[in-house]
Structures are given as structure tokens and as C-alpha cells.
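What follows is one structure encoded as C-alpha cells, with my remarks underneath.
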Amino acid sequence: MTAHELPFQSAAATAQAIAAKQVSPVEVIQAYLDRIDRLDDTLHAYITVCREAALDAAKQAERAVMQGEALGSLHGVPVAVKDQFWTKGLLTTNGSRVYRDFVPDDDATIVTRLARAGTLLLGKLNLSELAMGGTRNPPWGITRNPWDLERTPGESSSGSGAALAAHLCAASVGEDTGGSGRGPAAYCSVVGLRPTYTRVSRYGMTPMCWFTDAAAPMTKTVEDCALVLGAIAGYDPKDPTTSHQPVPDYTAQLGQSIKGVRVAVIRELFEHDDMHPEVKQAIAAALDVFRELGAEVREVSIPLIPHAGAIFVGAGDTEGAGARDDILRTRADELDPASRTRLQSAALVPTKIYHRAMKARVVLRHQFMAALAQADVLVSAMSPFPPPLHTALTAPFAGADDVRFRFFFRRSYSASYALAALPAISIPGGFTSDNLPIGLQLGARPFAEAKLLQVAHAYEQATTWHQRRAPFAMEPIT
Numbered sequence: 001m002t003a004h005e006l007p008f009q010s011a012a013a014t015a016q017a018i019a020a021k022q023v024s025p026v027e028v029i030q031a032y033l034d035r036i037d038r039l040d041d042t043l044h045a046y047i048t049v050c051r052e053a054a055l056d057a058a059k060q061a062e063r064a065v066m067q068g069e070a071l072g073s074l075h076g077v078p079v080a081v082k083d084q085f086w087t088k089g090l091l092t093t094n095g096s097r098v099y100r101d102f103v104p105d106d107d108a109t110i111v112t113r114l115a116r117a118g119t120l121l122l123g124k125l126n127l128s129e130l131a132m133g134g135t136r137n138p139p140w141g142i143t144r145n146p147w148d149l150e151r152t153p154g155e156s157s158s159g160s161g162a163a164l165a166a167h168l169c170a171a172s173v174g175e176d177t178g179g180s181g182r183g184p185a186a187y188c189s190v191v192g193l194r195p196t197y198t199r200v201s202r203y204g205m206t207p208m209c210w211f212t213d214a215a216a217p218m219t220k221t222v223e224d225c226a227l228v229l230g231a232i233a234g235y236d237p238k239d240p241t242t243s244h245q246p247v248p249d250y251t252a253q254l255g256q257s258i259k260g261v262r263v264a265v266i267r268e269l270f271e272h273d274d275m276h277p278e279v280k281q282a283i284a285a286a287l288d289v290f291r292e293l294g295a296e297v298r299e300v301s302i303p304l305i306p307h308a309g310a311i312f313v314g315a316g317d318t319e320g321a322g323a324r325d326d327i328l329r330t331r332a333d334e335l336d337p338a339s340r341t342r343l344q345s346a347a348l349v350p351t352k353i354y355h356r357a358m359k360a361r362v363v364l365r366h367q368f369m370a371a372l373a374q375a376d377v378l379v380s381a382m383s384p385f386p387p388p389l390h391t392a393l394t395a396p397f398a399g400a401d402d403v404r405f406r407f408f409f410r411r412s413y414s415a416s417y418a419l420a421a422l423p424a425i426s427i428p429g430g431f432t433s434d435n436l437p438i439g440l441q442l443g444a445r446p447f448a449e450a451k452l453l454q455v456a457h458a459y460e461q462a463t464t465w466h467q468r469r470a471p472f473a474m475e476p477i478t
């Protein structure tokens, strides 16, 4: 395997090659660092690259292999994390000038657990300011989509998706409050998982909304996602909200038949007139794949789901404004204008509106659970349209209908699972005629990540979407 080929391998294949002494962790790290040097000045996926620390860690990982020590499931695998997670002694910006000098004195639990699994930290990944989205002038540059540099890679875990699509890391961890991990996964044609609320510790993750924030494994393949989730999941005494429920081997069901599994398309997220026609076609084609795999395909209704975007803004944005209260009071002038406007607007939402949104959230969860009584896995698009142009995200609103379309419509697809505290995954589900990625979203019952990954893996292996490489990732060999 040449140095050029190493970064295109999955995390699982990389770990296996290292354990078999077919390649050195030092060679792997150097190959990724070389790609970052060549590509990231254009892509802006990274805020901080831990060059020397990563090379030193790779040398230690190499010694462990040569000395026959017990190796973690991801030993020697280069990873990067969204710059929303604390890293001891290393700048953690949250994508904001407000945090430009913030250096934590502790690691986030997911950083600690990734290291325990043997991973090597390449660096910290770019994001929309304060993990919200819509940032007009990001302090560390606009992250570009490797499939089309003029289009967004998704928000807010923009660097996490772009770095994977450009093969600038073997795996990453983003964060998903209302789709911030799954959205970039869909727009960059990679895998992004939102785990069940309480499945993964949030210690050391700068908060946005206490009841929807979730660490989000983001990877090149479903198998890699299972490995990363297994490494970071589980109870953490530093985060009392985490579940004591045992963590299974998420790879155990991969490759098993899904014959007889009940797969249901969500009617309200499939029959919408405003969906991009090629996205709709891709979801219909995915249902055919599931039928061919032996799944029982049906339809379910979740009547409140078209309003999930509005419910999320009414509850989630309001919580976000509360979490940023000190910044709004004392450092608002340091915020990007879009971030400041969104937070200040959310801070003015009347209490009765917040309470209505929270009540609606409960009704939405009940409707989800009723649908999941009829199905094992729910299916929809991750986004109703392919990745938009950067300019479309920051354009002035043209009226109330434009606000509803741009602010609420897409969020009905992404925020609904966050509001319902359910696991959901976005996997590569096709491409438009102009080669833009389409994300296929699957959702399941609480703590049913193993089933979700099994079905996602079956679809992945029956298609070739995950094998395509983004044009920007295919730079000439020198």
C-alpha cells in the first residue's frame, strides 16, 4: 500500500493493517499530514493541526505494535474532533472569536475514550460559530465541500464532514444538536450517527441545548461508525445524564441478513412537494434496495413531523440563547452578525412559546414511538435537497415564506429525531445528476443503534455510493 493510498482506507482497514504490521502508524500519520498540507489551505476543514504531537503518538503506537502489546480497536488510526470538544492544553475555539484564547485544562470524555481505543489525534475541526449554523464570516475560514467547493459541507460540523470526504482524517467526531452531524454527513457523502440521548458522554463538550446535544461519530463507512461508537459510548460519572445501560458490540450484527426487518418510509418526509425531485427518486430507489434485501417495506405517518423545524427553533434556539447568556450580555460584539442576531432573537421568545414547543416535543416523541411500534427502522431523506451554495445560506430572507423554507423545512428532516431523543444515522444514498451527494436517513427506537447499524450496513454493502470519491479529494499525485 503506497503513501498515496493510505488515507483512502477505512478506519477499520487501517487498524487491521497496523495490527498485522503491514503498515506503520508513523507512515499513516505522515500520509494524512501530507494531504492536510496540500489540501486544507483551500478546504479550511481544520482549525488546529497537532502535527508534532500526532507524530510522537504514532511512534509510541508503533512501539506498542512491535512489542506485542494489547491493541485497542482503533489502534494507530488518525482521527480529528470538532473544535467544540475540550482538549487538554490545546486551543478549543467553538468556531468563535469569543473562545479564541480558550485552552481547557481537561479532555472531553470522548477524547479520552478515543485515545484509550488507540486513536491518534490529528487535530481540531472547523465548525459554524458556537455550533449553530449560518455564520457569515467564520474566523477560521469558510469550510468548503470537497464535492463542489462553492457549496456548503453542512453545518455545524462542517469540518468533520469535509475532512472525511477529502480523506484528511480516517474518522471524526462531530456534534449533533438538531442535525449538525448528520447534515454534514449527508452533504459530504459520509456516515454520521446521532446516538440515543444519554448514550454518549457530553462532558467537555461546549453546550448548545441540554436536551438535544449529542456527540456524533462521523466516518467513511458504517463499520467504522460502529467501531467509533463502541469506543466512546457508555456511562460516565463526569456526565450524570449518561445511561448505565451496557454497551454492546456494535459490529456484531454487521453483515447479518435484514430479511424480515420492518422498514418504513415516513410519509410526511417523502411526499412533500418541496423536495428536490432527485432526492425523492433516491429515497424511492433505496426502498427498492431494501425490498431486494428481503426487508418488509411499508409506510408510516408522523403527523407532527412537518412542524419539527419550528418546534426545534422554539425550544432549542431558546435553550441556546440561555446557554450563551453571558456572551450576549458582555461580548456580543465579538460574535458573527448572524450568530448574534439568531441568539438575540431567541432570547426574546416568550415563555409561553417555549412551553408550547416543549409540549409539542412530547407529542412528537409519542408519534415516533407509535410509528416504531409498526417498524424496526424508519426511512427518509436526511435533507430534502442537495448541498446548497454558500451564498444561499447567507442571503437575506425574502419574506416569511423564505424563512419557513430555509429555517424550518430542512430542520423537519433533521431535528425531529433530536427532539424525540432517538438514534438516527445518515449514510450515502445516491447523487444528483450533477454529482451532488444525497443522504439517506434511518432512525430507530432508543438504544437500538445495533439494529440501525445492521440495516445501514446492509444497504451500504448493496450499493456503491460510499465508494465514490469527491473530485477535490482526487488531486494529482506529485
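Reminder that position 241 of the sequence shown reads as 241 in the UniProt record's numbering, one-by-one numbering, no gaps. Cβ atoms here follow ideal geometry from the backbone N, Cα and C, with glycine treated the same way. Since the model is a prediction, treat every value here as computed from it, not as a measurement.
Alpha helix (DSSP H) containing Tyr354: first to last residue? Thr351 to Leu372
Taking 7 Å as the limit between beta carbons, can you name the residues of its chain near Asn137, skipping five residues before and five after? Asp336
For Arg35 and Thr478, the rounded distance between their alpha carbons: Because Thr478 sits at a pLDDT of 44, beneath the cut-off of 50, its placement in the model cannot be relied upon, and the following sentence gives the value as read from the coordinates. If you take the alpha carbons of Thr478 and Arg35, they lie about 12 Å apart.
Helix, strand or coil for Asp402 per DSSP? Three-state DSSP puts Asp402 in a helix.
Please classify Glu175 as buried or exposed, where buried requires at least 16 other C-beta atoms within 10 Å of its C-beta. buried
Cβ neighbours of Leu62 in the same chain (closer than 6 Å, five flanking residues each side left out): The question names Leu, yet the displayed sequence has Glu at residue 62. Here the set comprises Ser24, Pro25 and Val26.
From Leu6 to Ala31, what distance separates their C-alpha atoms? Each residue's alpha carbon lies about 7 Å from the other.
Asp213, DSSP secondary structure in three states: Residue state, collapsed to three classes: coil.
Quick check: the Cα distance between Val77 and Ile305, rounded to an integer number of angstroms? 39 Å
Residue environment, His390, which counts as buried when at least 16 other CB atoms sit within 10 Å: buried
Mapping the DSSP letters down to three states, classify Phe397 as helix, strand or coil. coil
Quick check: the Cα distance between Glu268 and Met358, rounded to an integer number of angstroms? 21 Å
Nearest neighbour of Ser301, chosen from Ala252, Ser339 and Val379 [CA to CA]: If we check each option's Cα against that of Ser301, Val379 comes out closest.
Quick check: what's the CA-CA separation for Ile18 versus Met66? 10 Å
Using 10 angstroms around the beta-carbon of Lys124, count the other beta-carbons present and answer buried if the total reaches 16, otherwise exposed. With 16 or more other Cβ atoms within 10 Å, it is buried.
Taking 8 Å as the limit between beta carbons, can you name the residues of its chain near Lys280, skipping five residues before and five after? Phe270 and Ala381
Can you tell me whether His75 is buried or exposed? The criterion is at least 16 other CB atoms within 10 Å of its CB, across all chains shown. buried
Would you check if there are 3 or more beta carbon pairs closer than 8 Å linking the stretch 340-360 to the stretch 281-288? Three or more Cβ pairs closer than 8 Å define a contact, and the stretch 340-360 falls short of that threshold against the stretch 281-288.
Would you list the residues sitting across from Asn145 in a DSSP beta bridge? Asp148
Which runs of the beta strand (DSSP E) at least 3 residues long sit entirely within the stretch 261-292? Give them in chain order. 262-266
Just reading off the beta strand (DSSP E) that Ser426 is part of, what are its end residues? From DSSP, the beta strand (DSSP E) with Ser426 extends over Ala424 to Phe431.
According to the neighbour-count rule (16 or more other Cβ atoms, all chains shown, within 10 Å of its Cβ), is His366 buried or exposed? Flag for His366 reads exposed.
Using 10 angstroms around the beta-carbon of Asp317, count the other beta-carbons present and answer buried if the total reaches 16, otherwise exposed. buried
With 16 as the cutoff for other CB atoms within 10 Å, does Asp392 come out buried or exposed? Before going further, note that residue 392 is Ala rather than Asp in the sequence given. Per the 10 Å Cβ criterion, exposed.
Can you have a look at Lys352 and say buried or exposed, based on whether 16 or more other CB atoms are within 10 angstroms of its CB? exposed
In whole angstroms, what is the alpha-carbon distance linking Phe408 and Ser157? 19 Å
Let's test the definition: count the other Cβ atoms within 10 Å of the Cβ of Pro240 and tell me whether it reaches 16, buried, or not, exposed. exposed
Can you give the beta carbon distance from Arg194 to Tyr417, rounded, assuming they're within the 8 Å contact cut? 6 Å
Inspect the CB distances between the stretch 194-209 and the stretch 105-122 and report whether three or more fall short of 8 Å. As far as the Cβ criterion goes, the stretch 194-209 touches the stretch 105-122, which means the pair count is three or higher.
Counting pairs of beta carbons, one from the stretch 129-146 and one from the stretch 41-59, are three or more of them closer than 8 Å? yes
Beta carbon of Gly430 nearer than 7 Å to that of Ala308: no
Enclosing beta strand (DSSP E) for Val77 [first to last residue]: Boundaries cannot be given for Val77, as no beta strand (DSSP E) includes it and DSSP labels it neither H nor E.
Three CB pairs or more closer than 8 Å across the stretch 448-468 and the stretch 163-178: no
Alpha-carbon to alpha-carbon, Ser257 and Met275: 31 Å
Whole-angstrom distance between Gln84 and Arg356, CA atom to CA atom: 30 Å
Can you give, in chain order, each stretch of the alpha helix (DSSP H) that sits fully within the stretch 143-199 and has at least 4 residues? 158-165 and 182-188
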